[in-house]
Every structure is written in structure tokens, then in C-alpha cells.
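Numbering (our numbering), first residue to last: 787 to 1067. Below: the structure, in C-alpha cells.
Spelled out as C-alpha cells, the structure:
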């Protein structure tokens, strides 16, 4: 009889401890707003939250890639825009060089500015960002993964931007075109200057097309980024629904368990006041 009674008391102590822990968990859920903290709370919901967590991690990686791609695309677009402005300036200079009244000093000043433009364009084409990444890819565009099965080229290659420009059936680079204009203005030959002007105009048209292509790349990144944001919001909402505390339900449960614990502790206290002879009857 004594052994049985001791086991009963031990079991009661354990039950009250579990009840107390359950109350603490409920109070924590109320204060934190999160009910699901371990698999035993709700096994199915825990699996779903784990799956959502993995999806959110992948989403975060894709969003980081989109952000990286957007930065590169913006830099490329800025450089292309600056190259376009420089080619417009080069046209103005070459047109002014066709003025037959120019003296050697004025012609020399134009040549020097054209040389500066050529150098600046070369720097813009070969520029690298603070991480040492080239603004334009070399040889082949780097594909950036931005979603499942979707990899985007976020910038064009340096070769696409500056080479293979059709000038009256001849493939020329931006550097070739500017060098041609420098030579033509230096010589003072009106026909050579006229040819150089046509080449610069062809080069500028090519850059305008490249600017349009870069704009399309930027737009695709914006669309993908917006879609990723929508998916992330949906995942966050689903996770919140699974994890969040139903305050009315949890408060009611905690109150009921507090009443049970108080009653059990009172009964336990009364039992402990009994003597050993009372317990064994």
C-alpha cells in the first residue's frame, strides 16, 4: 500500500510539473505571438513551416541575385548612356572640323578632345565596380539565376557593345571609329572627315540599340523582382498562419490549466498533511 501510494504521489507531482510547463508555454505563446516552437506542438504544421522556411531561404537567394543583377544593369545602362553622349559630342566636333576656315590650332584642339573622348569611352567599356566585377561581361554574358529554371543575362558583353558595327559593309569597333575621326580631322581632308562623320553616326545608332537592349534586361529584372516579392509575401502569410498564436484559444486554455493546477496543488497539499497511517488506511 505504501509503495502504491508513493507511486501515485510521484505521478501526481509529474503531472503537475507537465501542467505547469504547458501553462508556461501558453504564456510564452501569448507574449511572443508564436505558438509553434517544436515539432510536438503540431507535427503537420511543423513540417509545413519547415518547407516554407526552405522556400523562403531560396527566395532570399534569388532576391539577392535580382538585386545584384539590377545594380549591374543600372551601371551598364549608365555607361551606355554616357558613351552615347560622348559620341554625340564627337559628331559635333567632326562637323565643326569641316569648317574650311579652321586654323591648325582649332583643328588641333578638336583632335585633342576627340582623343579624350576615345580614352573615356575605352574606360567606360572596361570599367569595373568596387568588387572588381566588369560593368560589361567579356565574351559571353554571365547568367544570373533569379528563379527556378530561370537564368538571366543582366548586361551585354563588351564585344556586343563596342564591336561588329556595320559601317558601309565594314565591321568596325567604337575605338576604330573614333580613331578614324581623329585621323581624318588631323589630315583636314573633307572627304575623310565626311566618312568619319558617317562612321560616328553608325556607332551612335549601334549604342542606342544596345541601350534599348539593356532597358529590356532591366525591365525583366524588375518583373522577376516584383514576382519574387509577391511570392515572399505569400510565404510569410502562410507561415504566420501556421505559427501565430490564436490568442482567444490560448488564453482560454491557459486559464483552464491554471484552475486545474491550483486545484491539484490544493489537493496535493491536503494529502501531504496526512500521516503515514492515514495513507495506508
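Where is the CB? At the ideal position from N, CA and C, for every residue including glycine.
In the three-state reduction of the DSSP assignment, residue 911 falls in the helix class. Judged by DSSP in its simplified three-state form, residue 888 adopts coil rather than helix or strand. The stretch 987 to 997 and the stretch 897 to 904 do not touch, with fewer than three beta-carbon pairs separated by less than 8 Å.
Straight across, the Cα-Cα distance linking residue 947 with residue 996 is about 6 Å. In its own chain, leaving out the 5 sequence neighbours on each side, no residue places its CB closer than 7 Å to the CB of residue 917. The residue among 1011, 913, 1020 with its C-alpha nearest the C-alpha of residue 931 is 1011. Taking 4 residues as the shortest admissible run, the stretch 958 to 1030 contains the following complete alpha helix (DSSP H) segments, listed from N- to C-terminal end: 960 to 973, 976 to 1029. Counting C-beta atoms within 10 angstroms of its own C-beta, residue 929 has fewer than 16 neighbours from the protein chains shown and is therefore classed as exposed.
If the five residues before and after residue 877 are omitted, its C-beta is found closer than 8 Å to the C-beta atoms of 983, 986, 987, 990, all from its own chain and listed in chain order. With respect to the 7 Å criterion, residue 960 and residue 883 are not classified as neighbours on the basis of their beta carbons. Comparing alpha carbon positions, the residue from 1016, 1014, 1015, 1008 closest to residue 855 is 1008. Between the alpha carbons of residue 951 and residue 981 lies a gap of roughly 15 Å. Residue 861 and residue 943 have their alpha carbons spaced roughly 13 Å apart. For residue 836, the three-state secondary structure derived from DSSP is helix. Residue environment analysis places residue 937 among the exposed positions, since fewer than 16 neighbouring C-beta atoms fall within 10 angstroms of its C-beta.
Taking the C-beta atoms as reference points, residue 939 is found no nearer than 7 Å to residue 920. If you ignore the 5 residues before and after residue 857, its C-beta comes within less than 7 Å of no other C-beta in its own chain. DSSP places residue 920 in the strand class (E or B) of the three-state scheme. Here residue 932 carries a strand assignment [DSSP, helix/strand/coil].
Excluding five sequence positions before and after residue 1018, the CB atoms of its chain that fall closer than 6 Å to its own CB belong to 845, given in chain order.
If you ignore the 5 residues before and after residue 851, its C-beta comes within less than 7 Å of the C-beta of 930, 931, 932, all in its own chain and listed in chain order.
Inclusion of residue 859 and residue 977 in the CB contact set at 7 Å is not warranted, their separation being larger than that value. Per the coordinates, the alpha-carbon of residue 958 lies some 6 Å from the alpha-carbon of residue 949.
Distance between residue 1013 and residue 1000, taken at the CA atoms: about 20 Å. For the 7 Å CB-CB criterion, residue 964 and residue 1006 do not form a contact. Residue state for residue 954 is assigned as coil, using DSSP reduced to three classes.
Looking only at 849, 880, 1016, the smallest Cα-Cα distance to residue 974 is reached by 880.
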